[in-house]
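Visitor:
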Amino acid sequence: MGIEYDLNIAGPLDPESLLQLVERGLDLEPERDVIGGPDVVGRAAPGFYLTAMPVSSQFAEVDAEWSGIAPRVSVTFRMDKEWDPRDALLRMMRAVGAVLAAVPDDASFVYNGDQLWLRRQAGHLVARADRVDADALAALGLPCELGELPDA
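4 is the number that the working numbering gives to position 4 of the sequence shown; each next residue is one higher, with no gaps.
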């Protein structure tokens, strides 16, 4: 199994728009791969593979129970094992910051499906103090409080 991070957004954003925001945050030209479903878009990027898709109501319910966020759309960053993991993480945090700056909705950023690293509720952004370091916060580029966040 590869290492994955999911940025989940609770607002009415479609997968294509979400992936475009990620691309802008990474200074990438738009590019798409055929994934298989009409609402699933993806592409390779330096350090990871990106896949954006709508979130099922069933998953949104489960996610809301432990994270406090009921997402409607998600983008997955699947890490490239051949890439420098630190560089990929900082690039990913820059992209997450760009999306959060552009979209005011509640959001969560989850490591491997069960560790909440960031959560924004009602405009208040909290980063998990034992996972997000100063360099990652700097790459995020947004005001953020360090605190405790739940695991799934």
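Think of the CB as a built atom: it goes at the ideal place given N, C-alpha and C, for glycine as much as any other residue.
Could you give the residue range of the beta strand (DSSP E) that holds Ser108?
Guide: Numbered from 1 along the sequence shown, position 108 holds the residue referred to as residue 108. Ser108 -> beta strand (DSSP E) spans 107-111.
Visitor: Could you check what DSSP says for Gly25 in three-state terms: helix, strand or coil?
Guide: Along the sequence shown, read from residue 1 onward, the residue named residue 25 stands at position 25. Gly25: helix per DSSP, three-state reduction.
Visitor: Val103: which of Thr51, Asp14, Ala44 sits nearest, CA to CA?
Guide: Counted from its first residue, the sequence shown places residue 103 at position 103. Selected option, being the one with the closest Cα: Asp14.
Visitor: If we call anything under 7 Å between Cβ atoms a contact, is Pro54 one with Asp63?
Guide: Taking the first residue of the sequence shown as 1, we reach residue 54 at position 54. Taking the first residue of the sequence shown as 1, we reach residue 63 at position 63. Not a contact, by the Cβ cut-off of 7 Å.
Visitor: In the DSSP assignment, find the beta strand (DSSP E) that holds Gly97 and state where it starts and stops.
Guide: If you number the sequence shown from 1, residue 97 lands on position 97. Note, Gly97: premise wrong, no beta strand (DSSP E); alpha helix (DSSP H) at 85-102.
Visitor: Which residue wins for smallest C-alpha separation from Asp151, given the options Val75, Leu118, Leu137?
Guide: Taking the sequence shown and counting its residues from 1, one reaches residue 151 at position 151. Ranking the options by Cα distance to Asp151, first place goes to Leu118.
Visitor: According to DSSP, is Leu142 helix, strand or coil?
Guide: Within the sequence shown, numbered from 1, the residue matching residue 142 stands at position 142. Coil, per DSSP.
Visitor: Given Leu89, which residues of its chain have a CB within under 7 Å of its CB, disregarding the five upstream and five downstream residues?
Guide: Position 89 of the sequence shown holds residue 89. Here the set comprises Ala136.
Visitor: Could you tell me the distance, in whole angstroms, from the CA atom of Met79 to the CA atom of Gly123?
Guide: Start at 1 with the first residue of the sequence shown, and residue 79 comes out as number 79. Start at 1 with the first residue of the sequence shown, and residue 123 comes out as number 123. Cα-Cα distance, rounded: 28 Å.
Visitor: Can you tell me the Cα-Cα spacing of Gly37 and Ala52, whole angstroms?
Guide: Along the sequence shown, read from residue 1 onward, the residue named residue 37 stands at position 37. Along the sequence shown, read from residue 1 onward, the residue named residue 52 stands at position 52. Roughly 11 Å separates the two Cα atoms.
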